[in-house]
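Beneath this line is the structure, given in structure tokens, with notes to follow.
Protein chains: 2
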Amino acid sequence: MGANQTETATCEEFGGIRMTKQRQVVYDVLSELGINHPTASEVFVSAKEKMPSISLATVYNCLESLTQAGAIKQVNIDREASRYCPNLQPHAHFYCEQCETVFDIGLQNGAEACTGWALPDGCEVREINVAMKGVCGTCPQCEKKN
Amino acid sequence: MGANQTETATCEEFGGIRMTKQRQVVYDVLSELGINHPTASEVFVSAKEKMPSISLATVYNCLESLTQAGAIKQVNIDREASRYCPNLQPHAHFYCEQCETVFDIGLQNGAEACTGWALPDGCEVREINVAMKGVCGTCPQCEKKN
DNA sequence: GTTTAGATCAAGAATTATTCTAAAAAAGGA
DNA sequence: TCCTTTTTTAGAATAATTCTTGATCTAAAC
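Protein sequence lines correspond, in order, to chains D and L. Read left to right, the first sequence gives residues 0 to 145 (numbering that gives the first Met the number 0). Read left to right, the second sequence gives residues 0 to 145 (numbering that gives the first Met the number 0).
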């Protein structure tokens, strides 16, 4: 066995995918950056600090594997670069045009993600993406600018 | 005045932008394609039938002008090519994974687009995009496959 | 411990939707 | 008509992402 690679585990928590060093680093970075909703490039920069040999293509691969495994979520706002977030609860995303931050919006008690929409009969929603844009008015960056 | 260009009008209905031949063609194509939610390339193909000299860049320009003027809406689902739609009512979009069609979902009576979400105080939503994915089960294409 | 088959990684090329650039054409007003 | 601004056009440029290929790693079989 090579000196620079220890065994990895197939992890239940991550949808059964093999948890390689690279995937772990990518996941850790995402968890640490927390609410920042980083893009693949931003994840790459942070991942490179922990593992200088990692490549951008691998970061893309890992983000896709983790997304498919259900361990993280991909966040798309307009056609900007995809962002990623480790929050698995149903939630919407709010992009503040003033501070350029993305943050999570939770559901009200008892509400579902598609509350309010007139879905036709027989229509089965498997995934829903809600992206809002505006000004948050309360985040630190916004307060600075006011 | 050139023989192949008649006067255009600045049209109130289209947010005050100058309604050039090209913009009119693009708008007409979009209205005719109706619920198809075409991409810029698809609009280009249809527009070229009406005006063979139109270029793809112009189609992009026109779609952006019309969007900014509030005459049409840009629809983004994941990071796929943007689609465009002439429906100005608040509505969500449903992408059927079986028939690969995008269609509009209206609001229930009295509901607002952000119904159900716990927006923090002071948060001002200027725009909201709701994209659902799943199987519609009722559209012609879906019935064919079942 | 070795071997083997399949999964993953790395680097760079390729792709694709979109935007940018610069010059020509058109529009509207003087 | 002349002038200024806007729009169009064609093609180059851009940026995020995906693809390709060979190398490396892993897990399981031998």
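Where is the CB? At the ideal position from N, CA and C, for every residue including glycine.
Put simply, the CB of P119 (chain L) is near chain D, with a gap under 8 Å to one of its CB atoms. Secondary structure of L65 (chain L) (DSSP, three-state): helix. Partner residues in the beta bridge of I104 (chain L), as assigned by DSSP, are L:A91. Judged by DSSP in its simplified three-state form, A117 (chain D) adopts coil rather than helix or strand.
Rounded to the nearest whole angstrom, the CA to CA distance from N35 (chain L) to T100 (chain L) is 7 Å. Every unbroken stretch of the alpha helix (DSSP H) spanning 4 or more residues and falling wholly within the stretch 14-59 of chain D is given here in chain order: 20-32 and 39-49. Look at V74 (chain D): its C-beta is not under 8 Å from any C-beta on chain L. Annotation: the continuous beta strand (DSSP E) that includes E126 (chain L) extends over E123 to V134. At the C-beta level, A68 (chain D) and G15 (chain D) come within 8 Å of one another. Taking 8 Å as the upper bound for CB-CB distance, A39 (chain L) and L65 (chain L) are not in contact here, some 12 Å apart.
Straight through space, the alpha carbons of P85 (chain L) and S30 (chain L) are spaced by roughly 6 Å.
The beta carbon of P89 (chain D) is closer than 7 Å to those of L106 and A112 in its chain, skipping five residues each way along the sequence.
Excluding residues up to 5 positions away in sequence, L55 and V58 lie with their Cβ nearer than 6 Å to the Cβ of F43 (chain L) in the same chain.
Counted as a single uninterrupted DSSP element, the beta strand (DSSP E) harbouring Q73 (chain D) occupies residues K72 to V74.
For E31 (chain D), the nearest beta carbon of chain L is not closer than 8 Å to its own beta carbon.
Nearest to L32 (chain D) by C-alpha distance, out of D:K132, D:F102, D:I53 and D:L118, is D:F102. Under the three-state reduction of DSSP output, R82 (chain D) falls in the strand class.
The Cβ atoms of T137 (chain D) and P51 (chain L) lie no closer than 8 Å to each other. Take the alpha-carbon of V124 (chain D) and the one of K132 (chain L): they are about 6 Å apart.
Going by C-alpha positions, A46 (chain L) is about 24 Å away from H92 (chain L). Chain-ordered, the chain D residues with CB closer than 7 Å to the CB of K132 (chain L) read R125 and E126.
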